[in-house]
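Worksheet for the structure shown next.
4 protein chains.
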Amino acid sequence: MEKIRVGLIGHRFMGKAHTHAYTDIPIYFDPKVEVIKDTLCSNEADVVEYAKRWGYRNCSLDWREVVANKDIDLVDIVAPSTIHAQVAIEAAKQGKHVLCEKPLALNLDDARAMVNAVEQAGVVNMIGFNYRRVPAIVLAKQLIEEGKIGEIYHFRGYYMQDWLVDPKFPLVWRCVKKDAGYGGHGDMGAHIIDLARYLVGDIDDVCCLQRTFIKQRPLPMFMSGLSATGGSDKMGDVDVDDASQMMLRFSGRETMGYVEVSRFHTGHKNKNMIEINGSRGSIIFDLERMNELEYFDRGANARVQGFTNIQVSEAVHPFIENYWPSGHIIGWADTQVNQMYDLICAIRDGIQVHADFRDGLKCQLVLDAAQRSAETLEWTKVAED
Amino acid sequence: MEKIRVGLIGHRFMGKAHTHAYTDIPIYFDPKVEVIKDTLCSNEADVVEYAKRWGYRNCSLDWREVVANKDIDLVDIVAPSTIHAQVAIEAAKQGKHVLCEKPLALNLDDARAMVNAVEQAGVVNMIGFNYRRVPAIVLAKQLIEEGKIGEIYHFRGYYMQDWLVDPKFPLVWRCVKKDAGYGGHGDMGAHIIDLARYLVGDIDDVCCLQRTFIKQRPLPMFMSGLSATGGSDKMGDVDVDDASQMMLRFSGRETMGYVEVSRFHTGHKNKNMIEINGSRGSIIFDLERMNELEYFDRGANARVQGFTNIQVSEAVHPFIENYWPSGHIIGWADTQVNQMYDLICAIRDGIQVHADFRDGLKCQLVLDAAQRSAETLEWTKVAED
Amino acid sequence: MEKIRVGLIGHRFMGKAHTHAYTDIPIYFDPKVEVIKDTLCSNEADVVEYAKRWGYRNCSLDWREVVANKDIDLVDIVAPSTIHAQVAIEAAKQGKHVLCEKPLALNLDDARAMVNAVEQAGVVNMIGFNYRRVPAIVLAKQLIEEGKIGEIYHFRGYYMQDWLVDPKFPLVWRCVKKDAGYGGHGDMGAHIIDLARYLVGDIDDVCCLQRTFIKQRPLPMFMSGLSATGGSDKMGDVDVDDASQMMLRFSGRETMGYVEVSRFHTGHKNKNMIEINGSRGSIIFDLERMNELEYFDRGANARVQGFTNIQVSEAVHPFIENYWPSGHIIGWADTQVNQMYDLICAIRDGIQVHADFRDGLKCQLVLDAAQRSAETLEWTKVAED
Amino acid sequence: MEKIRVGLIGHRFMGKAHTHAYTDIPIYFDPKVEVIKDTLCSNEADVVEYAKRWGYRNCSLDWREVVANKDIDLVDIVAPSTIHAQVAIEAAKQGKHVLCEKPLALNLDDARAMVNAVEQAGVVNMIGFNYRRVPAIVLAKQLIEEGKIGEIYHFRGYYMQDWLVDPKFPLVWRCVKKDAGYGGHGDMGAHIIDLARYLVGDIDDVCCLQRTFIKQRPLPMFMSGLSATGGSDKMGDVDVDDASQMMLRFSGRETMGYVEVSRFHTGHKNKNMIEINGSRGSIIFDLERMNELEYFDRGANARVQGFTNIQVSEAVHPFIENYWPSGHIIGWADTQVNQMYDLICAIRDGIQVHADFRDGLKCQLVLDAAQRSAETLEWTKVAED
């Protein structure tokens with residue numbers, strides 16, 4: 044059996060999520076190819092321990108080593124966004140297939156360079172927009188493509204979290220522009236914009252408003268991955284957005300779009316919520332109840348019309364026949380399994396797979412236009428990719 | 044225009060509800076007959092004030108006076124259950140149409156005598172099972188009759204309240220057998236049993252368990268209608284059930300029934316909830332969201348099956364075209380308006396209307412069998428009416 | 044007992060709603076003053092029939108007659124918006140108290156003249172923002188005022204309907220600028236903007252996008268109030284918005300606001316939904332479940348934090364002790380009863396009551412700024428009142 | 044590092060679930076011991092393929108071989124219930140720790156023998172009641188133990204599925220007494236009874252009603268694990284219950300219990316739903332939304348009381364800190380990971396772990412009493428273990 048050997052760069056939150064995905068593929072799927080967790084790489088010393096615990100054959104403290112390793116087929120980048128570009132470009136040069144977590148890069152130049160690198164190298168490339176592999180989202184996509192929603196009038200997307208409401212929460216890297224590029228706008232906004240593009244289409248222009256509600260936060264004593272502990276007496280500036288809201292216009296259609304992302308949506312933990320209203324029907328999705336899709340069919344008998352709560356856990360639903368009997372729900376981490384399965388199959392078959400780096404670039408062009416709009420307070424055109 | 048003159052016996056909770064209903068009929072409906080709030084009657088002195096405030100032409104302290112009054116067409120009995128039988132029987136003798144609140148009577152002999160009286164007199168007679176006029180329940184009934192639910196496998200009905208959880212809540216008349224006949228069993232149970240009969244069919248036998256969780260309560264200092272204030276130092280015995288649960292078997296079908304009513308369902312205020320599962324579909328109703336009906340259609344396309352939340356507030360739905368535009372919900376009190384409208388039309392047309400006294404008797408026969416079952420702990424046959 | 048005599052100008056949808064309110068006041072409340080349905084007025088002939096059915100003492104085909112009538116204390120204007128200004132101004136001149144349905148007027152000049160008229164006359168004046176009297180909204184207001192929500196970060200308000208999705212739906216007056224002033228923007232938007240002002244505060248500037256998805260509709264054969272039947276072969280232009288979305292900035296605070304109103308929100312019938320996220324808590328309200336309020340308390344024990352579904356139907360909740368026992372929900376029409384009760388009390392006591400005409404003007408100033416923004420696609424300052 | 048070597052007997056639905064659990068332990072947890080998937084065993088030939096795909100070192104066609112293997116520390120039995128007893132008893136004799144799927148055995152004699160075997164051998168023994176490791180259920184248990192629910196008045200448990208509603212669904216082994224012991228009663232009922240015991244306490248007596256709605260089904264052409272394809276022309280008898288309902292009384296308390304399990308609950312796929320109402324609060328759990336717990340706190344301020352929807356996905360919640368950031372939900376299969384982690388730790392530490400074989404026996408004693416009650420239609424005492 045053919046083998047695909049993975050080198051994973053990064054070992055915190057997303058490192059664990061991707062490791063889980065590679066590990067669980069053979070439990071659920073049969074890709075007819077062996078996925079080998081070859082090397083776990085990080086510049087932090089505990090990578091040794093994690094490599095062992097998670098079943099990697101090797102570990103490395105230097106990503107250049109991994110990228111240069113002839114035995115590696117797929118370089119998977121879950122390291123901080125600051126190094127996405129250099130790792131991905133180098134990996135592509137070495138002929139490796141590349142998976143990169145979102146956001147693609149910290150700036151458009153880097154993003155464009157990354158797209159060029161993978162496209163010139165002809166390698167399979169993917170960006171980690173895992174919500175494209177939530178079964179309910181795929182079902183939504185199918186309904187839209189089959190015309191069940193009709194002409195789309197409204198798109199609304201929210202990504203709601205509340206972990207920054209506490210003013211004592213320390214200044215983690217996600218609150219610092221040089222490390223994160225954007226605040227919630229780039230982090231959570233990227234997911235929503237990608238879903239808008241995936242489900243509706245390309246975006247023409249945007250009008251954005253941003254706020255940083257809490258301007259200074261205590262510097263962290265210790266920081267690792269997403270988490271940080273304690274807060275020192277010293278304060279540092281939050282120079283990214285806490286919250287971002289934007290109106291969108293789409294290309295070639297009259298759809299009215301709205302996106303709101305915030306880490307100040309008190310009470311919401313990870314509410315990625317999408318609603319689409321069309322001439323023939325509507326759909327509502329909520330990541331916190333990701334095994335469900337609400338669907339309104341305007342064609343149903345008038346007396347029994349209403350939003351139908353579909354439990355997207357039947358064998359007829361996308362990905363599900365590989366999991367469990369009806370009603371045995373899957374978890375957030377399984378969306379990553381679905382993603383990795385599709386990626387592995389694409390590599391195996393030598394075909395391209397969505398969402399690719401160009402999708403990542405297109406998403407970032409929207410975020411970038413929005414960022415500029417937030418400064419000028421004007422409707423701003425999305426640049427060409 | 045013809046007139047129907049109402050004499051209302053009782054002026055507390057249900058007196059107010061029935062008065063509201065007579066008052067609002069012409070706002071929503073056009074029965075082509077004038078409903079006149081003729082006389083409000085109670086043996087409590089403040090009936091004078093209420094008669095004036097609510098727009099009654101007269102008031103009376105003696106129900107015999109009202110029943111004997113030639114000008115009264117309809118005697119509506121919302122007084123304590125202890126006098127239901129004598130008022131109703133006398134009213135029927137006088138040729139009055141009669142509406143009586145549930146439960147029909149405190150015992151079966153009285154209930155049978157009431158049925159005989161109204162049937163011999165040939166007067167229009169109705170029992171106040173107002174939930175038969177909730178638009179969502181009527182829609183459920185329609186779906187069942189049209190075969191959309193198919194063969195019914197399961198019926199579950201709950202009536203959940205929690206106003207007795209507080210041990211300091213005083214010993215109101217609803218906790219005393221000689222005044223109330225039953226506890227929650229007769230009060231809330233009557234509604235559920237009636238809905239079981241209305242939606243599914245007649246009941247063969249039952250197996251019941253009852254509990255009185257708090258055996259003694261402080262005697263009330265003052266009591267009026269449903270409410271009571273303060274609690275004296277003296278305690279009195281609760282000699283009715285606090286909660287009642289029962290399994291049911293229906294006539295001529297294999298449906299499995301379950302009913303649970305309690306005033307100890309902590310957190311539920313007035314949750315009258317019905318679920319029916321059949322070979323072709325299911326329905327769920329909850330009185331706290333009484334403008335909605337959940338409907339599952341097993342015939343729908345497999346990929347989009349699920350429970351549909353129907354907002355029963357469209358002109359195509361029962362009663363609604365007389366109310367407001369879509370989505371402008373009606374309230375609990377409006378179920379009484381619907382009921383009174385149907386009653387007034389029946390009187391106008393000289394026809395009978397459901398639920399009639401015989402429905403009240405049949406319901407009580409089930410409650411009675413259940414009460415006996417609770418004592419013997421045996422499956423108990425429902426007696427013939 | 045003192046009397047307050049009402050002259051109601053208009054007898055369609057809102058005429059019925061206001062009539063219901065005056066009729067039901069004494070069922071639920073005891074304002075210690077008699078409310079008399081004196082005159083029902085409309086220029087349509089069937090006003091005679093409705094006056095009789097709804098219990099008005101008189102009817103009139105000429106509003107000037109009503110406004111000039113010495114016996115009338117309160118002029119209630121539910122006629123088309125085109126005559127709001129002249130009726131209200133004349134009524135104020137005659138010293139009548141005035142209630143006017145929203146929107147206050149078709150243009151700002153008229154709105155300002157109306158405010159001047161009632162303020163100079165010193166009469167009690169109110170605009171029909173009845174959602175200020177939904178018990179759940181009042182509870183939300185209380186929580187905000189008590190500091191339970193803290194500093195407000197986000198306000199989102201939607202008013203979702205779908206009655207224009209069908210392209211064959213005729214060109215009713217609500218789709219025509221000269222009759223309606225605005226489309227959904229003014230009709231439903233007014234409610235949301237008022238709630239934004241009531242719950243959060245005054246609005247500084249707005250950025251608005253509008254769409255008219257279906258540009259032409261069949262002319263109606265017959266039209267009355269909200270409804271219209273049949274569609275002729277001839278088409279007419281829709282010259283107002285079908286949908287409107289806007290971002291808002293508030294005065295003196297960093298709150299991010301968003302409002303979206305549409306008659307193309309397929310599947311939603313009358314979903315007036317409000318969410319507010321603050322530093323100490325959040326609230327969510329949905330008119331389709333108007334007896335409920337979702338409340339998140341960030342101060343609760345971490346293990347049991349979550350959105351609490353409050354059934355706003357307890358005696359401790361605003362207005363409710365006048366209605367029914369817990370869990371017996373009220374309907375949309377009862378919000379009007381609450382409103383009229385407050386108005387009647389204000390007239391009785393000679394005090395002012397919110398929302399007054401100035402609130403109506405302030406709301407309209409926001410709508411007007413938004414309308415201009417929709418044309419220029421620029422953030423637009425709300426004018427001073 | 045110490046090693047625990049697993050021999051897994053069975054490789055269909057639960058074989059996959061247990062394999063997933065052993066595989067994922069090191070992703071989420073650090074048990075300080077290495078779990079080795081040593082041998083996968085089944086008498087079906089494709090076990091070879093699955094052993095390879097799932098990462099087992101060996102495979103075997105004979106469970107006796109596995110049980111006798113000195114290298115195996117833990118024998119995990121997910122084979123058909125018909126061989127539970129012999130495998131478990133033999134494994135215990137060999138000093139192996141044993142995990143056995145529910146139901147423990149097909150009859151009480153076997154179940155008792157199994158308990159004796161493991162207790163005499165002194166091995167760690169566990170029965171697969173995985174719902175005890177749903178974080179929301181553990182939170183419920185904590186709330187109950189802390190007195191937050193108070194005295195328990197009501198327990199209701201449902202297990203709702205609908206995969207037998209189709210009369211053409213073939214006669215799978217779960218519908219045949221000799222293979223399955225019971226119908227839904229034993230399969231789903233076991234889970235509910237165990238949760239009743241876990242959350243409330245021991246059960247005294249039960250009164251049960253069962254139905255087999257569809258008495259004959261087509262014989263399957265091919266059958267494997269839970270699934271079966273095609274239906275031959277020949278029909279076979281269903282000799283177990285399709286649905287089972289029972290009332291329960293508990294030991295030493297007045298709690299009223301009700302359990303209903305059915306494969307004819309049309310529209311419900313895997314709805315394991317628990318509600319408990321007590322003197323201080325209530326909880327509601329639904330497996331289809333297993334990351335949530337509804338909690339009503341009667342001690343909360345009266346104005347804001349209501350059911351709180353707790354997202355049980357915070358680091359403060361049981362098991363969750365090992366998974367993902369807030370709001371990233373876990374799936375059904377992860378309850379098995381939690382269970383295996385606790386089992387592995389117990390083996391590592393040489394301590395016992397719940398639910399053990401005796402819990403399995405006690406559960407079966409309730410099911411057995413209920414089964415007898417279904418035949419006699421009498422309240423039936425649960426036998427001593």
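Heads up: the protein sequence lines correspond to chains A, B, C and D, in order. The numbering used here applies: residue 44 is where the first sequence begins, and numbers increase by one. The numbering used here applies: residue 44 is where the second sequence begins, and numbers increase by one. The numbering used here applies: residue 44 is where the third sequence begins, and numbers increase by one. The numbering used here applies: residue 44 is where the fourth sequence begins, and numbers increase by one. All C-beta atoms in this analysis are idealised placements derived from N, C-alpha and C, irrespective of residue type, glycine included.
Suppose you measure from the CA of V158 (chain B) to the CA of L420 (chain B); what does that come to, to the nearest Å? 30 angstroms
The alpha helix (DSSP H) enclosing V161 (chain D), as first and last residue numbers: 151-164
Using beta-carbon positions only, say whether G229 (chain B) and A223 (chain B) come within less than 8 angstroms of one another. yes
Between L51 (chain B) and chain A, is the shortest Cβ-Cβ distance under 8 angstroms, so that the two count as touching? no
Mind reading off the beta-carbon distance from L214 (chain C) to V281 (chain C)? Whole number of angstroms is fine, and I expect it under 8 angstroms. 7 angstroms
Below 7 angstroms between beta carbons is the criterion; list the residues of the region 276-298 of chain B that meet it against any residue of chain D, in chain order. A286, Q288, M290, E297
With the cut-off set at 8 angstroms, would you say N320 (chain C) and Y202 (chain C) are in Cβ contact? no
Taking three-plus beta-carbon pairs below 8 angstroms as touching, is the region 370-377 of chain C in contact with the region 365-374 of chain D? no
Anything in chain B within Cβ reach of E303 (chain D), meaning under 7 angstroms, just list it in chain order. Y301
Determine whether the Cβ of N320 (chain B) lies closer than 8 angstroms to any Cβ atom of chain D. yes
Chain-ordered neighbours of F328 (chain B) on chain C, where CB pairs are closer than 7 angstroms: Those do not exist, as F328 (chain B) stays about 14 angstroms from chain C at its closest Cβ, beyond 7 angstroms.
Helix or strand or just coil, what does DSSP make of V130 (chain B)? helix
Stretch-stretch touch, CB-based, cutoff 8 angstroms, three pairs: the region 50-60 of chain C with the region 404-417 of chain B: The region 50-60 of chain C, when compared against the region 404-417 of chain B, does not touch it at the 8 angstroms Cβ threshold.
Please report the straight-line C-alpha distance between V243 (chain D) and I187 (chain D), rounded to a whole angstrom. Spanning the two alpha carbons is a distance of roughly 8 angstroms.
Simplified DSSP assignment, three categories, for S294 (chain A): coil
Could one say the Cβ of K220 (chain D) lies closer than 8 angstroms to chain A's Cβ atoms, at least one of them? no
Using a C-beta to C-beta distance shorter than 8 angstroms, which residues of chain A count as neighbours of I70 (chain D)? K59, T62, H63, T66, W97
Quick check: what's the CA-CA separation for G324 (chain C) versus G349 (chain D)? Taking C-alpha positions only, G324 (chain C) is separated from G349 (chain D) by approximately 15 angstroms.
Would you call the region 389-406 of chain A in contact with the region 83-102 of chain B, where contact means no fewer than 3 C-beta pairs closer than 8 angstroms? No, they do not touch.
Residues of chain D with CB closer than 8 angstroms to the CB of K314 (chain A), please, in chain order. G370
V78 (chain C) and I47 (chain C) look like a contact to me (Cβ under 8 angstroms); what is the Cβ gap, rounded to whole Å? 5 angstroms
If K312 (chain C) sits next to P261 (chain C), beta carbons under 8 angstroms apart, how far is it from one beta carbon to the other, in whole angstroms? Not a contact, Cβ separation roughly 23 angstroms.
Partner residues on chain C for F350 (chain D), Cβ-Cβ distance less than 8 angstroms: T351, N352
Answer yes or no: does any C-beta atom of chain A fall closer than 8 angstroms to that of F56 (chain D)? yes
For a quick check, are the C-beta atoms of Y174 (chain C) and N315 (chain C) less than 8 angstroms apart? yes
If I follow the unbroken beta strand (DSSP E) through V141 (chain B), where does it start and stop? 140-143
Taking Cβ to Cβ, would you say L182 (chain B) is nearer than 8 angstroms to R346 (chain A)? yes
Endpoints, beta strand (DSSP E) assigned at M57 (chain A): Not the beta strand (DSSP E): M57 (chain A) falls in the alpha helix (DSSP H), residues 56-71.
Any idea if R292 (chain C) is buried or exposed, counting beta-carbon neighbours within 10 angstroms, 16 or more meaning buried? buried
Residue range of the alpha helix (DSSP H) that K80 (chain C) falls in? Premise fails: K80 (chain C) lies in the beta strand (DSSP E), 77-84, not in any alpha helix (DSSP H).
N173 (chain D) - DSSP class collapsed to helix/strand/coil: Here N173 (chain D) sits in helix by DSSP.
Are the CB atoms of A131 (chain A) and A160 (chain A) nearer to each other than 8 angstroms? yes
DSSP three-state label for H234 (chain A), please. Here H234 (chain A) sits in helix by DSSP.
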